[in-house]
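Enquirer: Pasting a structure below so you can have a look.
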Amino acid sequence: MSMKIITLMSVALSLLVTTGAFADSFKLSGVRAATSKAEFCKQAAKNPHYFQSLLLNEENIMAFTNEGGLLNGGVCWWHSRLTRNATYMAIYRPDLPRPSDAEVDKILSKLKSGNSVVEIPGYRNFREFTSDYRTKIQGLLESWQITHGVLGLGFVGGNIGGLEGVDPALIDSIMDRLYERIVKRGQVVYQYLQMPGVVAHAWLVVDMVKTKNGYDLKVVDSNYLNPTTVSYVYGQTMQYAGWYPFNPYINRTTELWNIVKTVEKYCKIKMEKADDYSPINYQQLSPPR
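Counted the way our numbering counts, the sequence shown spans residues 3 to 291.
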């Protein structure tokens, strides 16, 4: 489940969260969202890192952070999923009149399902749109949490590999594969951050660079309004907010594959470097003891 309380804590130790550090080492930069089908499809076809670059621009990140939810524990899993869906599947039409409430409901339903590209009239980007409909969107996220996380046993799915007794070499291998998906394939990767017990956070990884002893990651974390930078050191347990140890697991790859196939069908294109969205078998990655 999400951890809203994390937003109130300082960030320290082996997980470094910043808004400016390491910026010069990353190659991607933020871009504005497409405002026509032609522009959207051109970028999807020609720029394999287009969707990642969208999330490096704060205009394309939700206007409010992770909040509410069951026991006031947040809705980070669904906040991140809706953000990724909108990144891949929203075209903004500021030249058109703004939608009615009923039309907004239809737009949000389509973004949640991830089965169709959606035009959002009257807005230039996701931040503008979500700022005006914060209450409605928060309600959608909380109902999604109930249907997926509770009734759909989604909380069980969050506990992928546990935390205790995990060989550091497994996490090193996960991060190596994450780098391949981010840098070589241009994917926006959804990660579960498995913490002690059944608690798990989630974020979107949008860029990475290699360092002397690991990686720097650029992530979109629902606890922040801007992209943040984190550092991973080989062999070390990552920590959130200074004392929440976690293991990062790549997840919802099939969901992303379905999104990409929908974009390809809508634009009648074949997206570059979009050929590997297979789930990771963590048991096969885990080295023998």
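Backbone N, C-alpha and C fix where the C-beta goes; we use that ideal spot for every residue, glycine too. Here the structure is a predicted model, which is why all the values come from computation and not from measurement.
Buried or exposed: where does Ile148 fall if 16 or more other Cβ atoms within 10 Å of its Cβ makes it buried?
Expert: exposed
Enquirer: Report the option in Ser224, Gln189, Asn215, Ser280 whose CA atom is closest to the CA atom of Gly237.
Expert: Asn215
Enquirer: Under the assumption that Phe53 contacts Ala92 (Cβ atoms under 8 Å), give the Cβ distance between them as a whole number of angstroms.
Expert: Actually they do not touch by this definition, with Cβ atoms about 11 Å apart.
Enquirer: Please say whether Thr89 and Asn49 have beta carbons closer to each other than 8 Å?
Expert: no
Enquirer: Just tell me which of Ile176, Val221, Glu121, Pro99 has its CA closest to the CA of Ile109.
Expert: For Ile109, the closest alpha carbon among the candidates Ile176, Val221, Glu121, Pro99 is that of Glu121.
Enquirer: In angstroms with no decimal places, state the Cα-to-Cα distance between Asp178 and Thr239.
Expert: 15 Å
Enquirer: Cα separation between Ser374 and Leu56?
Expert: Lying outside 3 to 291, the shown extent of the chain, residue 374 is not represented and no answer is given.
Enquirer: Are there three or more Cβ pairs, one per stretch, closer than 8 Å when the stretch 198-209 is compared with the stretch 218-233?
Expert: yes
Enquirer: Can you grab the Cα-Cα spacing for the pair Lys39 / Tyr242, in whole Å?
Expert: 39 Å
Enquirer: Gln196 to Arg183, Cα distance in whole Å?
Expert: Whole-angstrom Cα-Cα distance: 20 Å.
Enquirer: Opposite His203 in the DSSP bridges: which residues?
Expert: Leu195
Enquirer: Count the CB pairs spanning the stretch 244-257 and the stretch 96-106 that are closer than 8 Å, and state whether there are at least three.
Expert: no
Enquirer: Grouping DSSP H, G and I as helix and E and B as strand, with all else coil, what is Tyr251?
Expert: strand
Enquirer: In the DSSP assignment, what are the bridge partners of Glu121?
Expert: Ile93
Enquirer: Report yes or no: is there a C-beta of chain B within less than 8 Å of the C-beta of Trp146?
Expert: You won't find chain B in this structure, because it holds only one protein chain.
Enquirer: In three-state terms, what does DSSP make of Gly116?
Expert: Coil, per DSSP.
Enquirer: Which residue from Ile282, Tyr268, Ile173 puts its Cα closest to that of Glu41?
Expert: Tyr268
Enquirer: CB Tyr135 to CB Val168, shorter than 8 Å?
Expert: no
Enquirer: Check Met240 in the structure and name its three-state DSSP category.
Expert: strand
Enquirer: Is it the case that the Cβ atoms of Met64 and Thr132 are separated by a distance below 8 Å?
Expert: yes
Enquirer: Please classify Val106: does DSSP put it in a helix, a strand, or coil?
Expert: helix
Enquirer: Where Thr293 and Ala171 are concerned, what is the direct C-alpha to C-alpha distance, given to the nearest angstrom?
Expert: Beyond the ends of the chain as shown, which are 3 and 291, falls residue 293; an answer cannot be given.
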